[in-house]
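Below is one structure, written out as structure tokens; comments come after it.
In UniProt numbering, the protein residues as written are 1 to 137.
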């Protein structure tokens with residue numbers, strides 16, 4: 001896509017601090033990292049959200065994400081990683097990208113980046129589960 005910065009990074013026409021360039025996708029440093037070493041992994045094909053990613057691409061793409069999530073802590077001395085995908089909401093670039101953020105106990109990041117809530121009771125949780133399950137049938 002002509003006006004997509006991530007497509008331009010994949011094509012090599014926009015510079016980036018690439019950590020991997022493979023047939024499955026490209027991994028590069030986020031320019032505004034949560035922590036230094038925060039990598040974005042993008043598929044070569046332009047898709048906006050995870051549901052749009054062709055099923056045939058999933059195994060290789062997530063194998064790439066898996067490799068990056070193993071390499072980040074090993075390379076940086078971190079304890080682990082936080083791996084996340086935003087679909088539309090909070091997605092600053094409309095091209096699917098997976099965040100791989102280095103994590104260390106006591107790094108100051110607490111849980112998710114947003115407030116948490118609770119279900120009023122088991123009946124409400126059952127209702128939400130049923131609505132989602134119905135869409136998966």
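Yeah, the Cβ is synthetic: ideal placement off N, Cα and C, and Gly gets one too.
{"Item": "Please confirm whether residue 37 and residue 76 have their CB atoms less than 8 Å apart.", "Value": "yes"}
{"Item": "Short of 8 Å in beta carbon distance, which residues of its chain neighbour residue 33, apart from the five on each side in sequence? Order them along the chain.", "Value": "101"}
{"Item": "Helix, strand or coil for residue 126, going by three-state DSSP, please let me know.", "Value": "helix"}
{"Item": "In chain order, what residues of the same chain have a beta carbon less than 8 Å from the beta carbon of residue 51, not counting five sequence neighbours either side?", "Value": "87"}
{"Item": "Following the continuous alpha helix (DSSP H) through residue 59, name the residue where it begins and the one where it ends.", "Value": "58–76"}
{"Item": "Pull up the distance between the alpha-carbon of residue 95 and that of residue 135, whole angstroms please.", "Value": "25 Å"}
{"Item": "Could you check which residue in 47, 23, 35 has the C-alpha nearest to that of residue 6?", "Value": "47"}
{"Item": "Look at residue 19 and residue 27 and say whether their C-beta atoms are less than 8 Å apart.", "Value": "yes"}
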